[in-house]
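Colleague: Under my numbering, think of the first position of the sequence shown as 1, with each following residue one higher.
Okay, handing you the structure first.
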Amino acid sequence: MQIVKDRAIPRSAEHAPVSASPQCAPLVLIVEDEPELAELLDYNLRRHGYRTEIAGDGLSACRRIGAARPDLILLDLMLPDLDGREICAMVRSHPDPETAPTPIIMLTALGTLEDRVRGVEAGADIYLSKPYSVREVLLQTERLIGRRRAQRETEAALGRLERTGNHEEQWRQMLFHELRNQLLVISGYSNRLADKEPAPELAREYAQAIQRGADYLSRLAEEFLLLRRVESDQQDLPAEPVNPLWLVEDVVGLYRPLAAREGQQLALRTLGTPTPFATHPGALRLILSSLLENAVKYGKLGGNIEVELIFAAEELRITVVDDGPGIHPEEIERIFEKFYRGTQQSGHSAGHGLGLYSARTLARALGGELHATNRPEGGAEFTLSLPASDQGSQPR
1 MQIVKDRAIP RSAEHAPVSA SPQCAPLVLI VEDEPELAEL LDYNLRRHGY
51 RTEIAGDGLS ACRRIGAARP DLILLDLMLP DLDGREICAM VRSHPDPETA
101 PTPIIMLTAL GTLEDRVRGV EAGADIYLSK PYSVREVLLQ TERLIGRRRA
151 QRETEAALGR LERTGNHEEQ WRQMLFHELR NQLLVISGYS NRLADKEPAP
201 ELAREYAQAI QRGADYLSRL AEEFLLLRRV ESDQQDLPAE PVNPLWLVED
251 VVGLYRPLAA REGQQLALRT LGTPTPFATH PGALRLILSS LLENAVKYGK
301 LGGNIEVELI FAAEELRITV VDDGPGIHPE EIERIFEKFY RGTQQSGHSA
351 GHGLGLYSAR TLARALGGEL HATNRPEGGA EFTLSLPASD QGSQPR
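In structure tokens form, the structure reads like this:
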């Protein structure tokens, strides 16, 4: 048996690892078949704030590495069953990305240069020859665990940056998607003004529709910033009193020319007594825009689209109904997932898969919910439910 120097190191002689509680302290797996050496390492490591486990042979070590996922392994080279190099190679080739880079200090009585090279080639971070200094073991343990912790933090930071970059690209796509739709509406009215030389009354109506579309586009940047904040920070949207009927009429008016291009009739009706309602108008506009775009896109050519505004005692409900092919039963919920494009219908592009996702995200941020169903007579029905709240101030 090899004698180890510095058999017991006082705590003050080393910097103990900082941890909030013993359960959070780094875990060191001691793989050593000589009980006295294992106990000595265990004693000193525990005195310096580490948690420890001991494995007396290679097979036991392999089982504990996968189960315990230690922060560092003190690995004896000469072991029963599997030697240290085989265990080291197994760790480095492990499929778990957290296990494979686990720091390894190889401990051995074989101290020649060739032995050291072979140990490093197997994947060991440090190669210490017996008799080794407990002080050095502690110093190297703290250094390697600190390095691995820093690597994890760097990897996490890089992951956050990558997700942020992807997030920015997603929102750019969504913004472009909405801009394109509203420009189609403006283009429709502009073509009527240019090509058909309408009567003054119709020309005024077309010009007003173009103005509404332009105003809508001017609000997009602010509204999308709000949607991004809701998605990233899970914040509620500030409510203000609005007149839901005016707001819905305005959005429906924006989509009538787009529906007319498809030969569709877009109708709006109300049930109940219109009352002031507290909500975020920009978010509600975006929800309705997404639902109407979807209805025009998948509705039947020459068919009908119905928007129903229902004022109830406890809630406000808005339904958008089309007479298209409906939604595949397995996709009723999936169509609300980000970037899920669904089963592409013949003659229709799949789009970006962001409209319905943003609609449900905003509905929930308003304290409500958005659901989709298939109608027995054919077509799809989307229902937006928002909790009602009377307001004494003048609605917008």
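Glycine included, every Cβ here is placed at the ideal spot set by N, Cα and C.
This one's a predicted model, so the numbers in the text were calculated from it and none came from an experiment.
1. When the distance is taken between beta carbons, is TYR255 closer than 7 Å to LEU301?
2. So what's ARG51 in DSSP terms, helix, strand or just coil?
3. Return the first residue and the last residue of the beta strand (DSSP E) that SER385 is part of.
4. So, helix, strand or coil for ALA295, using DSSP?
5. Please report how far the alpha carbon of HIS94 lies from the alpha carbon of GLU331, in whole angstroms.
6. Report the three-state DSSP secondary structure of ARG317 (helix, strand or coil).
7. Spatial neighbours of LEU258 within its chain, please: C-beta separation below 7 Å, excluding the five flanking residues on both sides.
8. Can you tell me whether LEU271 is buried or exposed, with buried defined as 16 or more other CB within 10 angstroms of its CB?
9. Apart from the five residues just before and just after SER349, which ones in its own chain have a Cβ nearer than 8 Å to its Cβ?
10. Taking C-alpha atoms, which residue in PRO101, LEU107, ARG135, THR273 lies nearest to ALA150?
11. How should GLY324 be labelled, buried or exposed, when 16 other C-beta atoms within 10 angstroms of its C-beta is the threshold for buried?
12. Assess, as a yes-or-no matter, whether the stretch 50 to 59 is touched by the stretch 27 to 38 under the definition of 3 or more beta carbon pairs within less than 8 Å.
13. Going by DSSP, name the residue or residues bridged to SER129.
14. Hey, would you say ALA25 sits closer than 7 Å to GLY49, going by beta carbons?
15. Check PRO376 in the structure and name its three-state DSSP category.
16. Check ASN304 in the structure and name its three-state DSSP category.
17. Give me the Cα-Cα distance between ILE54 and ALA38, rounded to the nearest whole angstrom.
18. Identify, in the order they occur along the chain, each residue of the same chain with its Cβ nearer than 6 Å to the Cβ of LEU288, setting aside the five sequence neighbours on each side.
19. For the candidate residues ARG51, ARG360, GLU86, whose alpha-carbon lies nearest to that of GLU337?
20. Indicate whether MET106 and TYR132 have their beta-carbon atoms separated by less than 7 Å.
21. Checking 7 Å against the spacing of the C-beta atoms, do ARG69 and LEU29 come in under that value?
22. Give me whichever residues DSSP pairs with THR270 in a beta bridge.
23. Contact defined as beta carbons within less than 8 Å: I believe ALA365 pairs with VAL248. What is the distance between those atoms, to the nearest angstrom?
24. Taking the alpha carbon of GLU86 as the reference point, which residue from THR52, GLU121, LEU72 has its own alpha carbon closest?
25. Check whether the Cβ atoms of VAL320 and PRO281 lie closer than 7 Å to each other.
26. Taking Cβ to Cβ, would you say ASP71 is nearer than 7 Å to LEU27?
27. Could you give the residue range of the beta strand (DSSP E) that holds ILE30?
28. Using 10 angstroms around the beta-carbon of GLN211, count the other beta-carbons present and answer buried if the total reaches 16, otherwise exposed.
29. Does the ligand SAH have even one heavy atom less than 6 Å from the beta-carbon of GLY123?
30. Just tell me which of PRO238, GLY253, GLY299 has its CA closest to the CA of GLN264.
31. Consult DSSP for GLU86 and reduce its assignment to one of helix, strand or coil.
32. For the alpha helix (DSSP H) containing PRO257, name the first residue and the last one.
33. Expressed to the nearest angstrom, what Euclidean distance is found between the alpha-carbon atoms of ARG192 and GLY213?
34. If you count every other CB in all the chains shown that lies within 10 Å of the CB of GLU314, and 16 or more means buried, which is it?
Modeller: The answer reads as follows:
1. It is not a contact, given that the beta carbons lie outside the stated cut-off.
2. strand
3. 380 to 387
4. It is helical.
5. 38 Å
6. strand
7. For LEU258, where only same-chain residues beyond five positions count, the Cβ hits under 7 Å are LEU184, VAL185, GLY188, VAL296.
8. exposed
9. At SER349, the pLDDT of 47 sits below 50, so the modelled position is not reliable; the number obtained from the coordinates is stated separately. Scanning its chain for C-beta atoms nearer than 8 Å, with the 5 sequence neighbours on each side dropped, one finds no residue around SER349.
10. PRO101
11. buried
12. Counting Cβ pairs under 8 Å, three or more are found: they touch.
13. THR108
14. Taking C-beta atoms as the reference points, ALA25 and GLY49 count as a pair closer than 7 Å.
15. coil
16. Strand, per DSSP.
17. 7 Å
18. VAL251
19. ARG360
20. no
21. no
22. LEU309
23. Not confirmed; about 19 Å, so no contact.
24. Minimum Cα distance to GLU86 is reached at GLU121.
25. At a Cβ-Cβ threshold of 7 Å, VAL320 and PRO281 do not count as neighbours.
26. Contact annotation: ASP71 and LEU27 have beta-carbon atoms nearer than 7 Å.
27. 27 to 31
28. The residue in question, GLN211, is exposed, as its Cβ has fewer than 16 Cβ neighbours within 10 Å.
29. By its list of ligands, the structure shown contains no ligand whatsoever, and the ligand SAH lies outside what it can speak to.
30. GLY299
31. helix
32. Where PRO257 is concerned, the enclosing alpha helix (DSSP H) stretches over 244 to 261.
33. 15 Å
34. Answer is exposed; the Cβ neighbour count stays below 16.
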